[in-house]
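Contents: one structure, followed by commentary.
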Amino acid sequence: MNITNWIDDFKEPLFIAGPCSAESEEQMLRIASELPPQVKIFRAGIWKPRTKPNSFEGVGAIGLNWLKKVKDDYGFKITTEIANANHAKLALEYDVDILWIGARTTVNPFQVQEIAEALKGTDKIVLVKNPVNPDLDLWIGALERLNGQGITKLGAIHRGFSTYKKDRYRNQPQWQIALDFKNKYPEIPLLCDPSHIAGDRNLVEEVAQKSFNFGFDGLMVETHHTPDEAWSDAAQQVTPEKLKSIIENLKIRSQDQENVDYHLTLERLRNQIDDKDRAVLELLSERMKVAKEIGELKKEHNITVYQPKRWNNLRECMIELALEQGLSEEFVHDFMTAIHQESIKIQNTIMAENTSI
Ligand SMILES: O=C(O)C(=O)C[C@]1(C(=O)O)C=C[C@@H](O)C=C1
């Protein structure tokens, strides 16, 4: 993708804040007046895609006037969500600085294409939230559609993934997907939306810190002066005061640093990791050779590759051992499953040798 660096124009890290929904001009100006100085971009949703009908679906285009007032009176850059070509045209007309595409829109390539065409050639910044389902290609695809229309100031927002079963968080972070994104497109700024991941204002801070531990470039935090009375997403909005304390407490970590002691110690530890990884690989190779021998034995005696009883026993024993060794059950389960899958694959290859299938 052809990407223009825009984030360096802002003081890093980038903080975007403001209410989930614009409710009135008074509400917008009040929140704008109370936001901490680190916040450079004011957000407010004016068209709100909601799960159920009869929920508040946003004030509509009138909110663009209120956003403009926030920009004129307080000097913020302004941003809002656009969900169709008409929203895109209106936002451009009102000179909204940054546009974002929400998770429920990113899932729909037709809609994204329509928006991309409506924004064709704009030098506005466009941010794309991950789709509601954990699909990295769909996320990247939306950015590519925008880029295909000559939009080069792009950014991504990680807002977590929807699941049927809710647990601690409203939307599962599945950080690995965002990290894979960052690995693939290091030149595209990656922001975190801790409000939508957390779904609970008491958890916003821990999610925000985690994203900074991973090297995200900024945050978009839903902020309301009276969150309990907010017309949408009341539970996850924080007050401007709370946002100030979140920002002040954030540990901002750098990717690297010059410190000699740090580098010497890191190198010593990384050498240890290299040795251990090599030893693990050697052991894995030996294990697969044994699996191969078992495969040959099974073939000779016409026995099935898959032996569920043995596999279940083995996995359970390993998990027990893992816990004693201070490893997590989930990790050892996944690790053993990967080993077993490979072992089965090898044995299946042996079964197929010298046959027509
Ligand atoms: O014990 C066996 O029968 C094997 O072939 C080994 C092994 C394994 O890799 O651990 C592979 C396949 C079976 O489903 C169970 C276990």
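Residue numbers for the sequence shown follow the UniProt record's numbering, beginning at 1 and rising by one. Quick reminder that beta carbons are idealized off the backbone N, C-alpha and C, glycines included.
Residue 122 - DSSP class collapsed to helix/strand/coil: coil
Let me confirm a value: residue 21 is counted as buried when at least 16 other C-beta atoms fall within 10 Å, else exposed. Which label applies? buried
Near ligand 1, which residues have their beta-carbon less than 7 Å from any of its heavy atoms, given in chain order? 291, 294, 295, 298, 305, 306, 307, 308, 310, 311, 314, 339, 340, 343, 344, 347
For residue 136 and residue 100, the rounded distance between their alpha carbons: 18 Å
I'd like the list of long-range same chain contacts for residue 149, defined as Cβ closer than 8 Å, with 5 residues on each side in sequence excluded. 116, 117, 119, 120, 121
Identify the continuous beta strand (DSSP E) that holds residue 222 and give its terminal residues. 218 to 222
Assign residue 236 to one of two classes, buried (16 or more other C-beta atoms within 10 Å of its C-beta) or exposed (fewer than that). buried
Are three or more beta carbon pairs between the stretch 349 to 356 and the stretch 287 to 296 nearer than 8 Å? yes
Give the list of continuous alpha helix (DSSP H) stretches no shorter than 4 residues that lie fully inside the stretch 164 to 237. 175 to 184, 194 to 198, 204 to 213
Contact between the stretch 230 to 246 and the stretch 272 to 283: three or more CB pairs below 8 Å? no
Keeping to the same chain, check which residues put their C-beta closer than 7 Å to that of residue 31; ignore five residues upstream and five downstream. 18, 19, 223, 224, 225, 240
Collapsed DSSP secondary structure at residue 105 in the structure displayed: helix
Just the Cα atoms here: how many angstroms apart are residue 341 and residue 304? 15 Å
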